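Read the structure below first, then the notes.
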Amino acid sequence: MRRTHPKTSTKRRDHDRAVSDVLAFILVFAIILSSVALLSMTGFQAMEDYQEGEQLQNAERAMDALAVNFNDVIRYDGIEQRYGELSLREGTVSTGDTGTKLNINVSGDPIENTSNEFAGYGSGATVDLGEFTYTTPDGNRITYEGGGLVRGDESESWSTVLKRPQLRCGDDVAIISLVRISADDRSIQSGGGLGLTMSVEDRSSKVYPNKEKVSVAVSDTTPTYEDAWDETLEDSKWNTGTCDFGGSGSSGRVVVTIVDVDLEY
Numbered sequence: 078m079r080r081t082h083p084k085t086s087t088k089r090r091d092h093d094r095a096v097s098d099v100l101a102f103i104l105v106f107a108i109i110l111s112s113v114a115l116l117s118m119t120g121f122q123a124m125e126d127y128q129e130g131e132q133l134q135n136a137e138r139a140m141d142a143l144a145v146n147f148n149d150v151i152r153y154d155g156i157e158q159r160y161g162e163l164s165l166r167e168g169t170v171s172t173g174d175t176g177t178k179l180n181i182n183v184s185g186d187p188i189e190n191t192s193n194e195f196a197g198y199g200s201g202a203t204v205d206l207g208e209f210t211y212t213t214p215d216g217n218r219i220t221y222e223g224g225g226l227v228r229g230d231e232s233e234s235w236s237t238v239l240k241r242p243q244l245r246c247g248d249d250v251a252i253i254s255l256v257r258i259s260a261d262d263r264s265i266q267s268g269g270g271l272g273l274t275m276s277v278e279d280r281s282s283k284v285y286p287n288k289e290k291v292s293v294a295v296s297d298t299t300p301t302y303e304d305a306w307d308e309t310l311e312d313s314k315w316n317t318g319t320c321d322f323g324g325s326g327s328s329g330r331v332v333v334t335i336v337d338v339d340l341e342y
């Protein structure tokens with residue numbers, strides 16, 4: 078007589094296999110979803126960082142082009158006005174007559190004591206450069222300072238030079254050419270373009286022959302762009318802001334030019 082065995086164990090194995098397949102599918106699906114979510118988060122963050130970096134580089138290039146255009150008022154006596162445009166892209170432009178203050182001394186004498194040409198630019202040897210700043214939406218600042226460009230942020234904890242102002246120290250001549258902004262205190266934020274007109278209000282220049290040295294120093298106790306100016310005044314032959322024409326016993330010619338401008342937009 079033929080005996081038959083129950084199929085209970087076979088059914089149980091099939092059931093266990095089905096449950097395992099479902100669990101495996103759920104686990105794989107969860108891993109895929111987690112990976113997609115993680116990649117999406119990191120991808121969006123990377124894209125956002127890239128866009129911010131591109132915006133900052135574009136802002137630097139735009140301000141550099143504007144500075145080159147505006148600096149014609151220093152290079153050429155006959156130019157009284159310059160116009161340029163800046164794409165704000167939700168950034169902010171601010172101007173004012175208060176900014177970094179520089180002390181200029183020729184052989185130890187403040188420039189005001191030796192000539193009346195610079196009587197209207199500040200107190201004693203101090204020249205206030207004023208303010209023209211573009212601030213990006215994420216808080217980076219690009220500022221036109223005396224004809225140069227510096228970059229920092231809203232924390233004011235650091236700054237760096239993007240374009241050096243016209244401070245030259247040679248073996249027998251030192252040239253200091255600065256733009257001083259005396260614009261009204263105002264600011265504007267926009268997503269579009271902004272036209273800016275720089276107009277010369279006053280222009281003063283003097284040559285000092287046979288001088289032992291000339292020095293330029295930031296007079297502010299806590300300047301906004303201290304690092305940038307330290308970098309500028311330590312560059313080339315300026316010895317922490319002093320041009321001594323090669324050392325003791327040497328002399329040279331000092332040329333100081335300050336152009337006072339208004340900025341309208």
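Each residue of the sequence shown is one higher than the one before, starting from 78 at the first, in the working numbering.
We put the beta carbon where it would ideally sit given N, CA and C, even for glycine.
Remember, predicted model here, so these are calculated numbers, not experimental data.
The beta strand (DSSP E) enclosing residue i, as first and last residue numbers
i, result
"Ala251", "Val250 to Ile258"
"Arg241", "Segment: none, Arg241 is in no beta strand (DSSP E) and carries neither H nor E."
"Leu226", "Gly225 to Asp230"
"Ser292", "Val291 to Val295"
"Ser264", "Arg263 to Ser267"
Close-in-space but distant-in-sequence residues of the same chain around residue i (CB under 6 Å, 5 per side omitted)
i, result
"Asn180", "Ala202, Thr203, Ala294 and Ser296"
"Lys178", "Thr203, Asp205, Ser296 and Asp297"
"Thr237", "Arg228 and Ala305"
"Gln158", "Ser276"
"Ser264", "Thr169 and Ser171"
"Ile252", "Arg245 and Val332"
"Glu233", "Thr301"
"Gly161", "Leu143, Asn146 and Leu273"
Anticipated Cβ contact below 8 Å, residue i with residue j, distance rounded
i, j, result
"Val333", "Ile258", "At roughly 18 Å, the Cβ-Cβ gap does not stay under 8 Å, so Val333 and Ile258 are not in contact."
"Leu165", "Gln266", "7 Å"
"Gly151", "Val291", "A small fix is needed here, since residue 151 is Ile in this sequence, not Gly. Incorrect: roughly 18 Å between the Cβ atoms, too far for contact."
"Pro242", "Gly224", "4 Å"
Spatial neighbours of residue i in its chain, beta-carbon cut-off 8 Å, leaving aside the 5 residues before and after
i, result
"Lys174", "The amino acid at residue 174 is misidentified as Lys; the sequence shows Asp. So the list reads Asp205, Gly207, Glu208, Ile258, Ser259, Ala260, Asp261 and Asp262, once near-sequence residues are dropped."
"Asp141", "Leu226, Leu239 and Lys240"
"Asp321", "Glu289, Lys290 and Ser327"
"Tyr302", "Thr177, Thr220, Glu222, Val227, Gly229 and Ser236"
Min CB distance residue i to chain D below 9 Å
i, result
"Arg330", "No chain D is present in this structure, which holds just one protein chain."
Identity of the residues DSSP links to residue i by a beta bridge
i, result
"Gln134", "According to DSSP, Gln134 bridges with nothing at all."
"Lys283", "Val333"
"Ile103", "In DSSP, Ile103 forms no bridge with anything."
"Lys288", "Gly329"
Range covered by the alpha helix (DSSP H) that runs through residue i
i, result
"Asp304", "Glu303 to Leu310"
Close-in-space but distant-in-sequence residues of the same chain around residue i (CB under 7 Å, 5 per side omitted)
i, result
"Leu310", "Val293, Thr317 and Gly318"
"Asp213", "Sequence inspection shows Thr at residue 213; the Asp mentioned does not correspond to that position. Only Gln132, Leu133, Ala136 and Gly168 meet the Cβ criterion."
"Asp149", "Ile156 and Arg159"
"Glu278", "Ser259, Asp337, Val338 and Asp339"
"Ala139", "Leu163 and Ser164"
Pick out the complete alpha helix (DSSP H) segments inside the stretch 149–221, 4 residues or longer, and give them in chain order. Counting only runs of at least 4 residues, the stretch 149–221 fully encloses the following alpha helix (DSSP H) elements, listed from N- to C-terminal order: 149–152 and 188–191.
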